[in-house]
Structures are given as C-alpha cells and as structure tokens.
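Participant: Residue numbers are given in this note's numbering: position 233 of the sequence shown equals residue 259, and the series is strictly consecutive. Take a look at this one; I'll ask things after.
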Amino acid sequence: MNGNDSYDANHRKSVEVHRVSILLLSFSIYLSLRVLLKMGLALGCLQVEQSTVAIREVFGRYEDVLEPGCHCVPWFMGRQIAGYLSLRVQQLDVRCETKTKDNVFVTVVASVQYRALAENAVDAFYKLTNTREQIQAYVFDVIRATIPKMELDSSFEQKNDIAKAVEEELEKAMSAYGYEIVQTLIVDIEPDEHVKKAMNEINAAARLRLAANEKAEAEKILYIKRAEGDAESKYLAGLGIARQRQAIVDGLRDSVVAFAENVPGTSSKDVMDMVLVTQYFDTLKEIGASSKSNSVFVPHGPGAVKDIASQVREGLLQGNVAAGH
Numbered sequence: 027m028n029g030n031d032s033y034d035a036n037h038r039k040s041v042e043v044h045r046v047s048i049l050l051l052s053f054s055i056y057l058s059l060r061v062l063l064k065m066g067l068a069l070g071c072l073q074v075e076q077s078t079v080a081i082r083e084v085f086g087r088y089e090d091v092l093e094p095g096c097h098c099v100p101w102f103m104g105r106q107i108a109g110y111l112s113l114r115v116q117q118l119d120v121r122c123e124t125k126t127k128d129n130v131f132v133t134v135v136a137s138v139q140y141r142a143l144a145e146n147a148v149d150a151f152y153k154l155t156n157t158r159e160q161i162q163a164y165v166f167d168v169i170r171a172t173i174p175k176m177e178l179d180s181s182f183e184q185k186n187d188i189a190k191a192v193e194e195e196l197e198k199a200m201s202a203y204g205y206e207i208v209q210t211l212i213v214d215i216e217p218d219e220h221v222k223k224a225m226n227e228i229n230a231a232a233r234l235r236l237a238a239n240e241k242a243e244a245e246k247i248l249y250i251k252r253a254e255g256d257a258e259s260k261y262l263a264g265l266g267i268a269r270q271r272q273a274i275v276d277g278l279r280d281s282v283v284a285f286a287e288n289v290p291g292t293s294s295k296d297v298m299d300m301v302l303v304t305q306y307f308d309t310l311k312e313i314g315a316s317s318k319s320n321s322v323f324v325p326h327g328p329g330a331v332k333d334i335a336s337q338v339r340e341g342l343l344q345g346n347v348a349a350g351h
C-alpha cells in the first residue's frame, strides 16, 4: 500500500510539472508575439489588400505606389502611408432633372461604372478630392445639354445615344485624373406623374380604337359572308325549282307521247286534259290530307276542271311564244 501511494504522489507531481511547463511555454510565445508585433509596428510593417494600392510618402512627399502584399514603411525614417486607393469597379447612380424639347420635365437616372487605373494611381489619388461629385457634375452637364434637344418620345427611343454621349464626355474628362469609365447606362427616364398618366390614357385610347376597328371589320366580314351565303342559297333554290319544273314538263311530255301511242285516235289535247284532271284530283287529295288548319277554297266541278285546263294551256302557249322570240 505504501508503494502505491508513493507512485500516485509521483505521478501527480509529474502531471503538475508538465502543466506548468505548458503554461510557461504559452506565455513565452505570447510575449514573443507581442514583442514581434511591437517591433513590426516600430519598423512600420503593413499589409496591402488585393485590388488595392497604397500611396507611400516620405516627409509628406510622394515616394511610391505599394502593390498588394506586405511592406515595410519605417516611420522613424519619415515614411508613411498617405492613403489607399481601390482598383475595383465602382458604380454611381445619378438622378438628374431636366426638361425636354416639348416642355415636359423628366428625371433621368444614369448609372456610371468606373475604376481607378493602377498605372495612373498617383493622378487618381492626388488630383481629385471627391471623385463621385466630379463624375456627377459631368453627367448633369451632358444630360442637361442633350435632353432639351429631344421630345419626350424621342428621349425614350434614343436612350442609348444619350448614354453614349455621357460616356464619351466622362471618358475624355476622367482619363486626365487616372480613371477609366467602364460603362454608362441610362436606366430610367421618369416623366412627371401627370404626364405619365396622360401617356397611359393616350395609349389606352389608341388600343380601344384599334379594338373597335377590329371588331367592326369582323362584323363586316360576318355580314358579307351571310349575304354571300344567302345569295348562294337562293341561287341553289332557284336552280332546284327550275330543275323540278323541267322534270315535270319532261314527265308530262313523255306521258302524252306514251298515251297517244297506246290509245289510237286520241289527240294531244285529250291526253293533256286527262293529265290535268289527274293532277287536279291529286292536288285535292294533298290538300285534304294536310294536318294544318288553313282553309283553302278552290272551285270544284266539271266546269272548274275545264277552266283550269284552259288556263294552263294558255300559259304554256304564251311561254312557247316568248321562248320563240
């Protein structure tokens, strides 16, 4: 038991020593890092981020452009960082109010994308104090010189021309300061609210007028087609009646010829009278068999049949005379 107690005591002691050693080592590393950091700061070590350049000066005078990475700028030698310049593409949205040629006030929204050039970083850093205000001033100048020459409708149609004019003017002006104009867009042209409402009403009226014209044209076509269909129907009905009457005449003629051949001594007049009498009684039969309640008064008797035959005969003779002439 005494041997085990002695082993446990030694083991605990070694663990404590190991723990203290680790703490001392960590503290030593911490102190070393603090010392190195202070030495780095004392020597002027710094880091420049990607897509950024730093402007180094010596006693207030430009000395060099520092690229991305780690650099040493010893302050005790009069060197310092005057500032940083981003090389990333930046965007500036400019709202400009102006008036068109037809006296309509509009708000033009231009979007300018620009960036500083690394090779001209000195000009970009020292020549301008406020780049965004400078660009905005040039945009105002170009837009207010261009839009008043256009009418409202033309300004919407020529947005690309306006953007091109702004970009050319900016490129010419800002290149002297070390900046590149990447792209210029006219993203919106906003007329006054009352003008916008009037334009919408004009557009709606034009569309309603077009719809009315299309509807009238459709009705016109429908009426024409109906008239053509009615005319064609009447033509076909007349053609059918003519063919029906021709068939009746052909049938009567064949009946007369056949009766005269089979019954010797009969004349065509006798045969026609007999056919008419037969047709007369067939007509009476049809009238009597009709289920309609209409009342039809026709003369009846031997004399009536003779009168009908005379009228039909006279009609046929007059038709033949007219056809001969």
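Heads up, the beta-carbon is just placed ideally off N, CA and C, and yes, glycines get one too.
Once the 5 residues before and after L72 are set aside, which same chain residues still bring their CB inside 7 Å of it?
Facilitator: Cβ neighbours of L72 beyond the five flanking positions: H97, V99 and I107.
Participant: So who's on the other strand from L72, going by DSSP bridges?
Facilitator: In the DSSP output, where bridge partners are listed per residue, L72 has H97.
Participant: Throw me the rounded Cβ distance for the V91 and V148 pair, which I believe falls under 8 Å.
Facilitator: Right, the Cβ-Cβ distance comes to about 7 Å (below 8 Å), so this counts as a contact.
Participant: Name the DSSP bridge partner or partners of L8?
Facilitator: Given that the chain is displayed from residue 27 to residue 351, the structure contains no residue 8 and the question cannot be resolved.
Participant: Along the chain, where does the beta strand (DSSP E) containing F102 start, and where does it finish?
Facilitator: F102 -> no beta strand (DSSP E), and no H or E assigned at all.
Participant: Among F131, I173, N288 and E245, which one has its Cα closest to the Cα of E219?
Facilitator: The shortest Cα separation from E219 among F131, I173, N288 and E245 belongs to F131.
Participant: Going by DSSP, what residues sit across from A142 in a beta bridge?
Facilitator: Answer by DSSP bridge pairing, in chain order: Y205.
Participant: Work out the CA separation of T210 and K190 for me, nearest whole Å.
Facilitator: Their backbone Cα atoms lie some 7 Å apart in a straight line.
Participant: Excluding sequence positions up to five away, which residues of its chain have a Cβ less than 7 Å from the Cβ of E197?
Facilitator: Correct list, in chain order: I207.
Participant: What runs of the alpha helix (DSSP H), each 4 residues or longer, lie entirely inside the segment 147 to 202?
Facilitator: Counting whole runs of 4 or more residues, the segment 147 to 202 contains the alpha helix (DSSP H) stretches 147 to 152, 157 to 172, 178 to 183 and 185 to 200.
Participant: At which residues does the beta strand (DSSP E) containing L92 begin and terminate?
Facilitator: Start and end: R87 to L92.
Participant: I'd like the span of the beta strand (DSSP E) that includes V84, first residue to last.
Facilitator: Looking at the DSSP string, the run of the beta strand (DSSP E) that includes V84 is T78 to V84.
Participant: For the candidate residues A237, M176, T126 and L118, whose alpha-carbon lies nearest to that of Y164?
Facilitator: Closest option to Y164, Cα to Cα, is L118.
Participant: Which residue marks the beginning of the beta strand (DSSP E) containing V120, and which one marks its end?
Facilitator: First-last of the beta strand (DSSP E) with V120: Q116 to K125.
Participant: Can you confirm whether the segment 139 to 155 touches the segment 74 to 83 when touching is taken to mean that 3 or more C-beta pairs between the two stretches lie within less than 8 Å?
Facilitator: Yes, since at least three Cβ pairs between the segment 74 to 83 and the segment 139 to 155 fall closer than 8 Å, the two stretches touch.
Participant: What residues match up with S137 in a beta bridge as DSSP calls it?
Facilitator: DSSP, once it has assigned bridges, lists D119 and L211 as partnering S137.
Participant: Could you tell me the alpha carbon to alpha carbon distance between P174 and E195, rounded to whole angstroms?
Facilitator: Their Cα atoms are separated by approximately 17 Å.
Participant: Once you ignore the five residues that flank A230 on each side, which residues in its own chain have a CB closer than 6 Å to its CB?
Facilitator: Hits under 6 Å: none found.
Participant: Given that a residue counts as buried once 16 or more other Cβ atoms are within 10 Å of its Cβ, and exposed if not, what is M27?
Facilitator: Residue confidence for M27 is low, a pLDDT of 48 falling below 50, so the modelled location carries little weight and cannot support an answer.
Participant: CB-CB under 8 Å to L402, same chain, minus the five flanking residues each way: which ones, in chain order?
Facilitator: A query on residue 402 cannot be resolved here, the shown segment of the chain reaching from 27 to 351 and no further.
Participant: For M27, which three-state DSSP category applies?
Facilitator: Confidence in M27 is poor, its pLDDT being 48 and thus under 50, which makes the residue's placement unreliable; the coordinate value appears in the next sentence. In this structure, M27 counts as coil in the three-state DSSP scheme.
Participant: Please determine, among E93, V120, I188 and V115, the residue with the shortest C-alpha to C-alpha distance to T126.
Facilitator: T126 has its Cα closest to that of I188, out of E93, V120, I188 and V115.
Participant: Alpha carbon to alpha carbon, how far is I247 from R269?
Facilitator: Going from the Cα of I247 to the Cα of R269 covers about 33 Å.
Participant: Run the CB neighbour count on Y261, radius 10 Å, all protein chains shown included, and call it buried at 16 or more, exposed below.
Facilitator: Exposed, by the Cβ-count rule.
Participant: Going by other Cβ atoms of all chains shown within 10 Å of its Cβ, with 16 needed for buried, is S181 buried or exposed?
Facilitator: Result: buried.
Participant: Below 8 Å on the Cβ atoms is my guess for V138 versus I169; work out the distance and round it to an integer in Å.
Facilitator: Actually they are not in contact, since the Cβ atoms of V138 and I169 sit about 11 Å apart, beyond 8 Å.
Participant: Between T133 and E216, which are expected to be in contact by the criterion C-beta below 8 Å, what is the C-beta distance as a whole number of angstroms?
Facilitator: Contact holds; Cβ gap of about 4 Å.
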